[in-house]
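Engineer: Sharing a structure, written as structure tokens. Questions coming.
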Amino acid sequence: MHVAETAGQGPIILLLHGFPECWYSWRHQIPALSQLGYRCLAPDLRGFGDTEAPEGFEKYAVFHVVGDLVALLDAVAPGQSVFVVGHDWGAFVAWNLSLFRPDKVRAMVNLSVPFLPRNPVGKPADVIKFTASEGSSSLTACPRPRCPPRQ
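Residue numbers for the sequence shown follow this note's numbering, so the first one is -10 and each next one is one higher.
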């Protein structure tokens, strides 16, 4: 998993990007938050930017994406809870991180996406397939996002 991060000993803020974006979406917030003493982690979520893009639709279930974040947090902040900020798709992932692993989330701020409780009989993939079949240019016209070269 590719992660843009800042050094520091302060509280961690996990910044989760939207669709179709990557860590670069947070490029202006990272320096400002770092100056306030926070340690920022801005990963490219599964399939975005420089993070691996496994084959198979099922590999992108929210359980796997949240699992990636849990592994990241276990590696960089074992036993700690973090502040989570999610935008768009990242907000959906943040909601599910807090549901599946509340021990990892100290507080959360989400932008652009309200909490939508899980539908026990519906499948999120069906909603995406329906939206794409209706010709939504935002879903069908977007190639895999690429971030600017690492500096």
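Just so you know, even glycine gets a beta-carbon here, dropped at the ideal spot from N, CA and C.
Name the two residues that bound the continuous beta strand (DSSP E) containing His76.
Structural biologist: Counting along the chain, the beta strand (DSSP E) containing His76 begins and ends at 71 to 76.
Engineer: For Leu34 versus Leu3, is the C-beta spacing smaller than 7 Å?
Structural biologist: Against a cut-off of 7 Å, the Cβ pair of Leu3 and Leu34 comes out as no contact.
Engineer: According to the Cβ coordinates, are Leu22 and Gly79 closer than 7 Å?
Structural biologist: Going by C-beta atoms, Leu22 is not nearer than 7 Å to Gly79.
Engineer: Below 8 Å, can you find three or more Cβ-Cβ pairs linking the region 54 to 63 to the region 12 to 27?
Structural biologist: Touching, no.
Engineer: Assuming Asp39 and His(-9) make a contact with CB atoms under 8 Å, what is their CB distance in whole Å?
Structural biologist: Sure, about 4 Å apart at Cβ, within 8 Å.
Engineer: Answer yes or no: do Val65 and Arg90 have a C-beta to C-beta separation smaller than 7 Å?
Structural biologist: Against a cut-off of 7 Å, the Cβ pair of Arg90 and Val65 comes out as no contact.
Engineer: Considering only the alpha carbon of each residue, which of Pro106, Phe81, Gln69 lies closest to Arg95?
Structural biologist: Of the listed residues, the one whose Cα sits closest to Arg95 is Gln69.
Engineer: Taking buried to mean at least 16 other C-beta atoms within 10 Å of its own C-beta, is Lys112 buried or exposed?
Structural biologist: Classification of Lys112: exposed, given that the 10 Å Cβ count is below 16.
Engineer: Determine whether the beta carbon atoms of Pro67 and Tyr27 lie at a separation below 7 Å.
Structural biologist: Cβ distance not < 7 Å, so Pro67 and Tyr27 don't count as in contact.
Engineer: Mind reading off the beta-carbon distance from Phe81 to Val102? Whole number of angstroms is fine, and I expect it under 8 Å.
Structural biologist: That pair is a contact at about 6 Å.
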